[in-house]
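Heads up, the thing below is written out as structure tokens.
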Amino acid sequence: MSQTWWRGAAIYQVYLRSFADGNGDGVGDLAGLRSRLPYLKDLGIDAIWLNPWYPSPMADGGYDVADYRDIEPVFGTLSEAERFVEEAHELGIRVIIDVVPNHSSTESAWFKEALADPAARDRFWFSDEPLNDWQSIFGGSAWTQVPDGQWYLHLFAPEQPDFNWGNPEVHQEFEDVLRFWFDRGVDGVRIDSAALLIKSEEGYEDLDEVHDVYRRWREVADEYGERVLIGEVWLPDQERFARYLRPDELHTAFNFDFLACPWDPAELRRVIDLTLTTHTPIGAPPTWVLSNHDVTRPVTRYGRADTAFAHGGRLHGTPSDLELGHRRARAAALLAMALPGSVYVYQGEELGLPEVEDLPDELRQDPMYARSGGTNPGRDGCRVPLPWSGDEPPFGFGAGTPWLPQPDGWRKLTAEAQRTDLGSMLNLYRTALGLRRDLLGDGTLTWLPTGPEVLAFARDSGLVSVTNLSSGPVPLPPGRLLLSSGPLEDGVLPSDTTAWLARD
Ligand code: GLC
15 MSQTWWRGAA
25 IYQVYLRSFA
35 DGNGDGVGDL
45 AGLRSRLPYL
55 KDLGIDAIWL
65 NPWYPSPMAD
75 GGYDVADYRD
85 IEPVFGTLSE
95 AERFVEEAHE
105 LGIRVIIDVV
115 PNHSSTESAW
125 FKEALADPAA
135 RDRFWFSDEP
145 LNDWQSIFGG
155 SAWTQVPDGQ
165 WYLHLFAPEQ
175 PDFNWGNPEV
185 HQEFEDVLRF
195 WFDRGVDGVR
205 IDSAALLIKS
215 EEGYEDLDEV
225 HDVYRRWREV
235 ADEYGERVLI
245 GEVWLPDQER
255 FARYLRPDEL
265 HTAFNFDFLA
275 CPWDPAELRR
285 VIDLTLTTHT
295 PIGAPPTWVL
305 SNHDVTRPVT
315 RYGRADTAFA
325 HGGRLHGTPS
335 DLELGHRRAR
345 AAALLAMALP
355 GSVYVYQGEE
365 LGLPEVEDLP
375 DELRQDPMYA
385 RSGGTNPGRD
395 GCRVPLPWSG
405 DEPPFGFGAG
415 TPWLPQPDGW
425 RKLTAEAQRT
435 DLGSMLNLYR
445 TALGLRRDLL
455 GDGTLTWLPT
465 GPEVLAFARD
475 SGLVSVTNLS
485 SGPVPLPPGR
495 LLLSSGPLED
505 GVLPSDTTAW
515 LARD
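Below is the structure:
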């Protein structure tokens, strides 16, 4: 791996509630995660990113944080979290946690204090009347009234009051929170809703003062050395995006253009080129992301007529050809892993899980579902607990009934069933991550001449990656075949398939 570990890392995202349940209450936890660390080691990842693990009423899956310096009791204890960090480190796996600086929880000490005492409201956005007509990102008004008549701002759910970053106490608090976790050995933070912190009459997206926050955070991170700051920055404008990655700000940010890109050769090539031209001049490593806990699972998305992802485009009952989606998800995984920079794997991607689209409505927990009046199915379908083993639910997830039901058909997709199947998605990921460790990651690429529907490039190590997005087979360039996402037909690369070749 490269000198600075994050530049080329393979980072596995653990959505703790749904990863593995150690105590049988139906909800994933630290005990479950610790017991599965050998699986992650064997998979070949370099780091784990955990979604928020803090005490939370779970109004938004833990993104409503009640206490930034402790662990949600359903997940475990602070000392267990410390043990987990040590155990991961012993296996050579780094740990990245989620920090949520845009908003808090109505159950946080600061918000409760604010409710009790109108003089203690300056850490949030309180006002005698809504200051604007902003809508919550989850639907409905972004302002909610409290019993004494004042209103407070929440860009997300009403249970998530926004911090006032005009107040120096908020700055101090988060710098302390970073130190709290860095002192406990955490290797980096993923910054939630990173571009939204500052509010003014102009709006809230990407205002210039937000960069002052990250310059300070970078100083804090640099005091510790080798700690990484990763931004969740959804911005259409690449120049604005790149400002977050200046040398004294964040180290990397998620590449949502790639995540949302349709399975289309011209679009993919455009996004890859744009990503490289955005990152190269500032020396920041690109990231390649196909999926996360907020988006439709790739196997389902790539099997639809419209393969792009858009939050607003989530609809009930959009048909998907899952076989086609699976084939493309395999090809996309190898493409993403071959590109220069770091790569993210969202739990279950390595098992080829589809989106669960038929959850009973009464079990849906995502506020996006409720606040859209049920028109948007929300994000529960990509958060269903993982299938580990066995023939029926709970598929080894834990002893209890999982908090969201798993489809019966997942018996074929358990980690156990896939381990012994050489052609499985799990084995594709294991093999690819193993090759990637030595031959890919940080660096540059050189496009190779091909027809417009083929993406072929060579990496610094000599590895060549070829993805065929045309409707028929194409010949492969010279080289020794290392891996392919599907079987070759008489030495030619079928449609929707990626091959990796070595040029010896
Ligand atoms: C981010 C998270 C998402 C959460 C939102 C509000 O986008 O990824 O899950 O709902 O922020 O915190």
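Using the numbering used here, read the sequence shown as starting at 15 and increasing by one per residue.
Glycine included, each C-beta is placed from N, C-alpha and C at the ideal position.
A quick note: this is a predicted structure, and the numbers were derived from the prediction, not measured.
Check: 8 angstroms Cβ cutoff met for Thr-301 and Gly-355; Outcome: yes
Check: Which of helix, strand or coil DSSP assigns to Ala-23; Outcome: coil
Check: Continuous alpha helix (DSSP H) assignments of at least 4 residues falling wholly in the segment 361-425; Outcome: 381-385
Check: Thr-158 - containing beta strand (DSSP E), residue span; Outcome: 157-159
Check: Enclosing beta strand (DSSP E) for Ser-49 [first to last residue]; Outcome: Taken as a continuous stretch (DSSP letters only), Ser-49 belongs to no beta strand (DSSP E), being part of the alpha helix (DSSP H) at 44-49.
Check: Rounded Cβ spacing between Leu-349 and Gln-432 (contact assumed at less than 8 angstroms); Outcome: In fact, because the Cβ distance is near 21 angstroms, the residues do not count as touching under 8 angstroms.
Check: Boundaries (first-last residue) of the beta strand (DSSP E) holding Leu-64; Outcome: 61-64
Check: Chain-order list of residues whose beta-carbon lies under 7 angstroms from that of His-225 (same chain, five-residue window excluded); Outcome: Arg-257, Glu-263
Check: Stretch pair the segment 134-153 + the segment 177-184: three plus CB contacts closer than 8 angstroms; Outcome: yes
Check: Straight-line Cα distance separating Pro-132 from Phe-270; Outcome: 40 angstroms
Check: Where Tyr-358 falls: helix, strand or coil (DSSP); Outcome: strand
Check: Nearest to Asn-116 (by Cα), restricted to the options Gln-361, Glu-215, Ser-207; Outcome: Ser-207
Check: Paired residues, beta bridge with Pro-489 - DSSP; Outcome: Val-506
Check: Pair within 8 angstroms by beta-carbon distance, Ala-235 and Arg-241; Outcome: yes
Check: Phe-140, DSSP secondary structure in three states; Outcome: strand
Check: Which of helix, strand or coil DSSP assigns to Gln-164; Outcome: coil
Check: Member of Ser-118, Phe-196, Leu-353 whose CA lies at the smallest distance from the CA of Val-303; Outcome: Leu-353
Check: For Leu-243, the first and last residue of its enclosing beta strand (DSSP E); Outcome: 242-245
Check: With 16 other Cβ atoms within 10 Å as the buried cut-off, status of Arg-344; Outcome: buried
Check: CA-to-CA distance, Gly-42 to Trp-19, given in whole angstroms; Outcome: 28 angstroms
Check: Backbone CA spacing between Met-15 and Gly-457 [nearest angstrom]; Outcome: Note on Met-15: pLDDT 36, under 50, position unreliable in the model; the coordinate value appears next. Their backbone Cα atoms lie some 11 angstroms apart in a straight line.
Check: Delimiting residues of the alpha helix (DSSP H) encompassing Leu-497; Outcome: No alpha helix (DSSP H) contains Leu-497, which is instead part of the beta strand (DSSP E) from 494-498.
Check: Reduced DSSP secondary structure (H/G/I, E/B, other) of Phe-170; Outcome: coil
Check: Chain-order list of residues whose beta-carbon lies under 7 angstroms from that of Pro-421 (same chain, five-residue window excluded); Outcome: Val-370
Check: Gly-437 beta carbon near the ligand GLC (any heavy atom closer than 7 angstroms); Outcome: no
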